[in-house]
Amino acid sequence: MKVYTREIVLSTNKKFQLIDITYEVEKIVEDSGVKNGMVLVFAPHATAAIIANEHESGLMEDIITKIKELTEPGSSKWKHNLIDDNAHAHIGSALIGADRVFPVINGRLVRGTWQNIFLVEMDGPRSRRHVIVTVIGE
Amino acid sequence: MKVYTREIVLSTNKKFQLIDITYEVEKIVEDSGVKNGMVLVFAPHATAAIIANEHESGLMEDIITKIKELTEPGSSKWKHNLIDDNAHAHIGSALIGADRVFPVINGRLVRGTWQNIFLVEMDGPRSRRHVIVTVIGE
Amino acid sequence: MKVYTREIVLSTNKKFQLIDITYEVEKIVEDSGVKNGMVLVFAPHATAAIIANEHESGLMEDIITKIKELTEPGSSKWKHNLIDDNAHAHIGSALIGADRVFPVINGRLVRGTWQNIFLVEMDGPRSRRHVIVTVIGE
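Residue numbers (my numbering), protein chains in the order written: chain W, 12 to 149; chain H, 12 to 149; chain P, 12 to 149.
Take a look at the structure:
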C-alpha cells in the first residue's frame, strides 16, 4: 500500500474566484505511483471550498453568482461580520465542503469529461492558498 | 490491503430523478472482500450528484423541489444556458458534490437506518449514467 | 496498512445545534497509530451533517440561520412533513453531506486553523447521535 501526499500552493486575485487545479492534481496522482485507490483533494481553509465541474467561463461565473446569492456577502444579518467581514465565505465553505474524493484506476484520476477540479475562493485575494492532495492505494 | 472497484451503469427517465443504488453499492462492498476500510461512491458527471438520505417518496420529491429552487432551471440569468440549457444541473452537482464516502466495518457498508444512497439526476433523461464504487481497506 | 475505526457517541439538546467534535476526532487519529493517510468523519444519520468550520459563536449561529433559510423547517410545502415533521433536516443532511474526509500527515489530522469539525444537529434534541471515525493509512 502506498500513501503519497503533496501540497499545491497558489494565490488568488479576486474576492470570488474559481482556480482550476485539475492538471496539478492529476500530476500528483501520476507521480504517486498508485495504480488503484482514491485521491483526496482538501483545502485547509474555512473560507474556501473544493468542487468538481466544467471549466466554461459562463458557468464559472454562474457558480459564483449562486454562491453569492446563497451566502449573502456583507449582510448585516451575519453575526460573524461584527468580527470579520467574511461570514459568507465561512458559510459557503461549511456547506459546500473543502474536500472532494475521486477514484484512481490504472494510475489515473477518474473524473467525468466535464469535471475539472477547482479551488473556490470566497474571501480573496489571498497570497497563499493551499490544497493538500493525498493519494492512497496500491 | 485491498482495493476493489466496480462500476454501476444505469439509465434515467426524467429530467430530475433520484435513483436508489443502495443495494448495488452494498453488493459491491460485499463482493470486494474488504472487512474494514471505506467505500467511495462517485459519479463521473458534472450534472448529477450523489447523496445519502431516506427512501420515502414524499421526501424524494421534496429534495428535488429544493434542488430546483436552489439551482433555478431555465433561468435567463445563467450564462451557461446560452451554450447548453443545463446550468442548474452543473451548479447542483458542484455544490452538492458527486462523491460520498462511507465506512466499511466487518465487511459491511455502514449507513444509518434512513440513509439510502442515491444518484441525483438533474439533467435527464440519460441512457447511460455511471457510478464508480471504490472499496479500500483490509 | 492500518484501518482503525472508533465511534463517538453524543447527545444534543436543541433542535438545531453545532457540536464541536474536533478534539475527539484528533484523539482517534492519534490513537490509530496511522502516520500518513486519511480520516473519514461520518454521521450515520439522515437528519444531521458533518461540517468543518470556525468555532466562533456568532458564526455558529449564522450557519444555523442559513441552514434554516435553506431548508425551511415546518414548511407546508414539504410532503415528508405529513409523515414526520423533519423534512428540512433530511434535506439539509442530503445537500450538506454527512461525511467529511481529512488528510493525516505525520500522525496528525490536517485541518486549517479555523477548521473545527462539527456534527450539525437539525432534528434534535437527541439522546444518542453517533459519529464514526475511520482512519486508514500506514
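Even for Gly, the Cβ is constructed at its ideal location relative to N, Cα and C.
CA-to-CA distance, residue j to residue i, given in whole angstroms
{"i": "residue 20/W", "j": "residue 140/W", "result": "6 angstroms"}
{"i": "residue 128/P", "j": "residue 31/P", "result": "6 angstroms"}
{"i": "residue 117/W", "j": "residue 39/W", "result": "14 angstroms"}
{"i": "residue 105/H", "j": "residue 27/W", "result": "15 angstroms"}
{"i": "residue 78/W", "j": "residue 103/H", "result": "11 angstroms"}
{"i": "residue 36/P", "j": "residue 126/P", "result": "13 angstroms"}
{"i": "residue 75/H", "j": "residue 110/W", "result": "24 angstroms"}
{"i": "residue 86/P", "j": "residue 12/W", "result": "50 angstroms"}
{"i": "residue 59/P", "j": "residue 100/P", "result": "7 angstroms"}
{"i": "residue 137/W", "j": "residue 123/H", "result": "40 angstroms"}
{"i": "residue 68/P", "j": "residue 25/H", "result": "43 angstroms"}
{"i": "residue 64/H", "j": "residue 108/P", "result": "9 angstroms"}
{"i": "residue 97/W", "j": "residue 134/W", "result": "7 angstroms"}
{"i": "residue 44/W", "j": "residue 90/P", "result": "50 angstroms"}
{"i": "residue 95/H", "j": "residue 23/W", "result": "29 angstroms"}
{"i": "residue 119/W", "j": "residue 46/W", "result": "7 angstroms"}
{"i": "residue 88/W", "j": "residue 14/H", "result": "48 angstroms"}
{"i": "residue 84/W", "j": "residue 73/P", "result": "12 angstroms"}
{"i": "residue 18/P", "j": "residue 29/P", "result": "18 angstroms"}
{"i": "residue 114/H", "j": "residue 62/W", "result": "22 angstroms"}
{"i": "residue 66/W", "j": "residue 66/H", "result": "33 angstroms"}
Sheet register partners of residue i (DSSP bridge)
{"i": "residue 60/P", "result": "131/P"}
{"i": "residue 114/H", "result": "49/H"}
{"i": "residue 13/P", "result": "148/P"}
{"i": "residue 120/W", "result": "115/W"}
{"i": "residue 29/P", "result": "131/P"}
{"i": "residue 78/W", "result": "Per DSSP, none; premise fails for residue 78/W."}
{"i": "residue 93/W", "result": "Note: residue 93/W sits in no beta bridge, so no partner."}
{"i": "residue 66/W", "result": "Looking at the DSSP assignment, residue 66/W forms no beta bridge with any residue, so it has no partner."}
{"i": "residue 21/W", "result": "140/W"}
Buried versus exposed call for residue i [16 or more other C-beta atoms within 10 Å across all chains shown]
{"i": "residue 93/H", "result": "exposed"}
{"i": "residue 82/H", "result": "buried"}
{"i": "residue 132/H", "result": "buried"}
{"i": "residue 42/P", "result": "exposed"}
{"i": "residue 80/W", "result": "exposed"}
For residue j and residue i, believed in contact at Cβ under 8 angstroms, the rounded distance
{"i": "residue 148/P", "j": "residue 49/P", "result": "7 angstroms"}
{"i": "residue 153/W", "j": "residue 142/W", "result": "Look at the range of chain W in this structure, 12 to 149, and you will see that residue 153/W is not part of it."}
{"i": "residue 112/W", "j": "residue 146/P", "result": "About 15 angstroms separates the two Cβ atoms, so there is no contact after all."}
{"i": "residue 16/H", "j": "residue 144/H", "result": "7 angstroms"}
{"i": "residue 54/W", "j": "residue 130/W", "result": "6 angstroms"}
Report the residues of the region 96-129 of chain H with a CB closer than 7 angstroms to any CB of chain P, ordered along the chain. 107, 108, 111, 112, 113, 114, 116, 121, 122, 123, 125, 126
Output needed in chain order: residues of the region 42-69 of chain P with a Cβ under 8 angstroms from some Cβ in chain H. 51, 53, 54, 55, 56, 57, 58
Chain W contacts from the region 136-148 of chain P (Cβ-Cβ distance under 8 angstroms): 147, 148
Closer than 9 angstroms, Cβ to Cβ, to anything on chain P: give me those residues from the region 12-46 of chain W, in chain order. 12, 13, 14, 15, 16
Residues in the region 73-91 of chain P with C-beta within 8 angstroms of chain H's C-beta atoms, listed in sequence order? 81, 82, 88, 89, 90, 91
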